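Under the working numbering, think of the first position of the sequence shown as 11, with each following residue one higher. All C-beta atoms in this analysis are idealised placements derived from N, C-alpha and C, irrespective of residue type, glycine included. Remember, it's a predicted structure, so these values are computed and weren't measured experimentally.
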Amino acid sequence: MIVMKFGGTSLGTAERFTHTAAIVKQELERKPVVVVSAVGGMTDLLLLAGEEALQKDLAPTQEEPQYTRTLKKIYQVHEKILTDLHLPIELFLIFYEELSEIYRGIYLLKELTARTKDLTASFGERISARILAACLCRIGINARAIDSWDCGFITSNEFGAARLLSDSPEKIKKIVSSLDFLPVTTGFIGKSREGNITTLGRGGSDLSASLIGAAVQAEVIEIWTDVSGIMTSDPRLVPNAKTLASMSFQEAAELSFFGAKILHPKTIEPAVKSKIPVLVKNSFKPEDPGTLILSENMKTQGLIAVTLKKEVVCVNLYSTGMLEAPGFLSRVFEIFKKHGISIDVVATSEVNISLTLDHPDGLEKAEAELSEFAEVHVEKDRAIICLVGEDLKRTPGIAGKVFKILGDANINIEMISQGASQINLTFVVKSSDGEKAVRALHRKFFEKVDFSEDYEFKESVF
Ligand code: ASP
11 MIVMKFGGTS LGTAERFTHT AAIVKQELER KPVVVVSAVG GMTDLLLLAG
61 EEALQKDLAP TQEEPQYTRT LKKIYQVHEK ILTDLHLPIE LFLIFYEELS
111 EIYRGIYLLK ELTARTKDLT ASFGERISAR ILAACLCRIG INARAIDSWD
161 CGFITSNEFG AARLLSDSPE KIKKIVSSLD FLPVTTGFIG KSREGNITTL
211 GRGGSDLSAS LIGAAVQAEV IEIWTDVSGI MTSDPRLVPN AKTLASMSFQ
261 EAAELSFFGA KILHPKTIEP AVKSKIPVLV KNSFKPEDPG TLILSENMKT
311 QGLIAVTLKK EVVCVNLYST GMLEAPGFLS RVFEIFKKHG ISIDVVATSE
361 VNISLTLDHP DGLEKAEAEL SEFAEVHVEK DRAIICLVGE DLKRTPGIAG
411 KVFKILGDAN INIEMISQGA SQINLTFVVK SSDGEKAVRA LHRKFFEKVD
461 FSEDYEFKES VF
């Protein structure tokens with residue numbers, strides 16, 4: 011059994027639905043369980059209509075409430091797809107009526123709860139599953155749409171961040187293996203024991219695929235998207251970036267934290283625990299091999315990627331009060347926590363702490379509190395560069411090479427950090443040096459330039 015998850019870009023138009031159905035058909039022998047997202051952009055529209063329904067009553071010049079226009083758009087997008095596919099509009103209408111009533115209720119009551127938000131958002135996946143199942147039936151496959159909860163996907167009652175209940179995987183396994191049709195199920199959504207529809211959080215359909223894959227002990231979990239896998243760097247920045255054949259779970263997790271937005275680390279956790287490989291594939295180019303993310307037996311050699319995160323704020327704290335003072339760091343972190351500021355990279359010495367933040371919101375207040383016991387310097391316009399690869403822990407001297415490359419390029423490193431996993435080397439430079447630094451590192455480590463002189467990048471072998 012395999013899990014094939016298709017995201018919004020693979021389900022954006024009638025043509026994409028047809029392609030996606032053809033991709034599934036190729037894999038019939040491997041018994042696919044198909045997991046879908048909503049039609050591209052649909053979840054945003056569904057949530058937007060809810061917010062709009064909350065807005066004030068009609069102005070005298072206005073003919074209809076704003077939310078009805080968004081609802082019309084939701085109608086039109088699905089209508090076009092169904093018309094182009096020559097499928098009956100009823101596939102959508104069965105949901106549309108209910109959806110309109112829910113928005114009308116929000117409009118009249120001027121109340122939009124987290125529960126209602128999840129309910130409205132759920133329609134995207136429920137509709138796209140029906141459309142894809144119809145496309146599959148049309149090409150002779152015995153497929154049927156099945157809502158995730160009917161597959162046993164029962165979650166906690168936490169709207170917007172629901173978790174799969176611990177006894178659900180067993181149920182999923184039992185139900186899915188007993189089905190006598192190819193299931194096309196809904197990602198992103200579930201149902202609680204209380205009977206409410208829930209969502210796992212935005213972008214949650216990858217997580218659904220991973221959870222379902224782990225439950226049915228799939229041979230592989232395929233995440234079909236619009237890129238051909240995970241690359242050595244951002245191709246907009248580094249034209250010579252190339253797709254990686256494989257990487258370890260840990261490398262993938264490090265990469266997703268630092269800029270590569272392909273998979274959220276939370277997504278692959280269930281797969282990691284069950285040791286199920288995850289394959290990232292491109293539905294626009296199904297012939298491309300994609301990137302395989304593996305738990306064990308890492309045979310990849312070399313560094314795998316260099317990433318850049320711009321517009322980072324760097325805070326430097328200096329205090330002699332840190333010397334042999336238990337609790338100093340926790341005091342600092344408490345202050346950031348109190349002001350809702352999340353910290354990315356940390357480096358410390360006996361008298362100094364340097365840390366980076368995603369954004370400066372709330373920083374002024376935190377700064378005032380920190381100033382009570384430390385000298386605080388805030389540097390904006392910084393960039394985090396992160397080199398990732400299992401080889402960082404195996405090969406001596408890489409850090410030295412990195413510093414030489416950046417030194418030769420006249421780039422000053424302001425902060426360095428290496429996590430306990432030892433598979434990332436992270437450093438901070440001025441934002442204006444960020445792109446130059448990434449290109450220089452990529453050239454040296456990932457493009458076969460000065461091959462003999464420095465570091466040998468070996469292609470992943472699988
Ligand atoms: N449709 C949902 C969203 O846009 C879930 C997903 O696409 O993964 O957030």
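Spatial neighbours of T80 within its chain, please: CB distance less than 7 Å, with the 5 preceding and 5 following residues excluded, ordered by chain position. Along the sequence shown, one-based indexing puts residue 80 at 70. The residues are L55, L58, A59 and E62.
Going residue by residue through the stretch 397-434, where are the continuous alpha helix (DSSP H) segments of at least 4 residues, counting only ones entirely within it? 401-404 and 408-418
Identify whether M257 lies in helix, strand or coil by the three-state DSSP scheme. In the sequence shown, counting from the first residue as 1, residue 257 sits at position 247. Reduced to three states, the DSSP call for M257 is strand.
Ranges of the alpha helix (DSSP H) found wholly within the stretch 181-256, counting only runs of at least 4: 215-225
Taking 8 Å as the cut-off, is the CB of R136 close to at least one heavy atom of the ligand NAP? Absence of the ligand NAP from the depicted structure is noted, with the ligand ASP being the only ligands included.
Can you tell me whether M52 sits near the ligand ASP, meaning its C-beta is under 8 Å from at least one heavy atom of the ligand? One-based indexing of the sequence shown puts residue 52 at position 42. Yes, since a heavy atom of the ligand ASP falls inside the 8 Å radius drawn around the Cβ of M52.
Report the three-state DSSP secondary structure of P98 (helix, strand or coil). The count along the sequence shown starts at 1 and reaches residue 98 at position 88. Three-state DSSP puts P98 in coil, outside helix and strand.
If you compare alpha carbons, which of A262, C161 and L64 is closest to L221? Within the sequence shown, residue 221 is the residue found at index 211, counting from 1. Taking only the C-alpha atoms, the option nearest L221 is C161.
Would the beta-carbon of R173 be found less than 8 Å away from any heavy atom of the ligand ASP? Residue mapping note: residue 173 aligns to position 163 of the sequence shown, counting from 1. R173 Cβ: outside cutoff for every heavy atom of the ligand ASP.
From the DSSP output, read off the bridge partner residues of R154. Position 144 of the sequence shown holds residue 154. Answer by DSSP bridge pairing, in chain order: P193.
Look at the alpha carbon of K454 and the alpha carbon of V448, and state the distance between them as a whole number of angstroms. The count along the sequence shown starts at 1 and reaches residue 454 at position 444. The count along the sequence shown starts at 1 and reaches residue 448 at position 438. Going by the C-alpha atoms only, they are around 10 Å apart.
On the three-state DSSP scale, how would you describe R392? As a first step, residue 392 is located in the sequence shown; it is residue number 382 there, counting from the start. Residue state, collapsed to three classes: strand.
How far does the beta strand (DSSP E) with E321 in it extend, from its first residue to its last? Locating residue 321 in the sequence shown gives position 311, where the first residue counts as 1. First-last of the beta strand (DSSP E) with E321: A315 to Y328.
Straight-line CA distance for N381 to M425? Taking the sequence shown and counting its residues from 1, one reaches residue 381 at position 371. Taking the sequence shown and counting its residues from 1, one reaches residue 425 at position 415. Note on residue identity: the sequence assigns Ser, not Asn, to residue 381. Taking the straight line from one Cα to the other gives about 21 Å.
If you reduce the DSSP assignment to three classes, tell me which class F294 lands in. As a first step, residue 294 is located in the sequence shown; it is residue number 284 there, counting from the start. Coil at F294, not helix or strand.
What is the DSSP secondary structure of I91, reduced to helix, strand or coil? By one-based count along the sequence shown, residue 91 stands at place 81. It is helical.
How is S47 classed by DSSP in three states: helix, strand or coil? Your numbering for residue 47 matches position 37 in the sequence shown. Coil, per DSSP.
Taking the runs of the alpha helix (DSSP H) that are 4 residues or longer, which of them lie wholly in the stretch 335-372? 338-348
Buried or exposed: which applies to E135, given that a residue is buried once 16 or more other Cβ atoms fall within 10 Å of its Cβ? Here residue 135 refers to the residue found at position 125 of the sequence shown. Buried is the call here.
Output yes or no for whether 9 Å exceeds the beta carbon distance between S441 and K320. Locating residue 441 in the sequence shown gives position 431, counting from the first residue. Locating residue 320 in the sequence shown gives position 310, counting from the first residue. Yes, they are a contact pair.
Between the Cα of T126 and those of A155, L64 and V194, spot the shortest distance and give me the residue it belongs to. Looking up residue 126 in the sequence shown gives position 116. Out of A155, L64 and V194, L64 has the C-alpha closest to the C-alpha of T126.
Since I believe A376 is in contact with F343 (beta carbons under 8 Å), could you give me their beta-carbon distance rounded to a whole number of angstroms? Taking the first residue of the sequence shown as 1, we reach residue 343 at position 333. Taking the first residue of the sequence shown as 1, we reach residue 376 at position 366. Incorrect: roughly 11 Å between the Cβ atoms, too far for contact.
Take A263 as the anchor and find which of Y113, A224, V282 and S176 has the nearest alpha-carbon. In the sequence shown, residue 263 corresponds to position 253, counting from 1. A263 has its Cα closest to that of V282, out of Y113, A224, V282 and S176.
DSSP three-state assignment for K127, whether helix, strand or coil: Taking the sequence shown and counting its residues from 1, the one referred to as residue 127 is at position 117. Here K127 sits in helix by DSSP.
Enumerate in chain order the residues of its own chain whose CB-to-CB distance from D371 is below 6 Å, with the five nearest sequence positions on each side excluded. Walking along the sequence shown from the start, residue 371 turns up at place 361. Closer than 6 Å at the Cβ level, and outside the excluded window around D371, lies no residue.
When burial is assigned at 16 or more other CB atoms within 10 Å of the CB, is E400 buried or exposed? Taking the first residue of the sequence shown as position 1, residue 400 is located at position 390. Classification for E400: buried.
Helix, strand or coil for K35? Go by DSSP, reduced to three states. The count along the sequence shown starts at 1 and reaches residue 35 at position 25. Note: K35 maps to helix in three-state DSSP.
Counting C-beta neighbours from all protein chains within 10 Å, is the total for K492 16 or more, i.e. buried, or is it exposed? For the chain, the structure presents residues 11 to 472; residue 492 sits outside this window and is missing.
Return helix, strand or coil for H452, following the three-state DSSP convention. In the sequence shown, residue 452 corresponds to position 442, counting from 1. Residue state, collapsed to three classes: helix.
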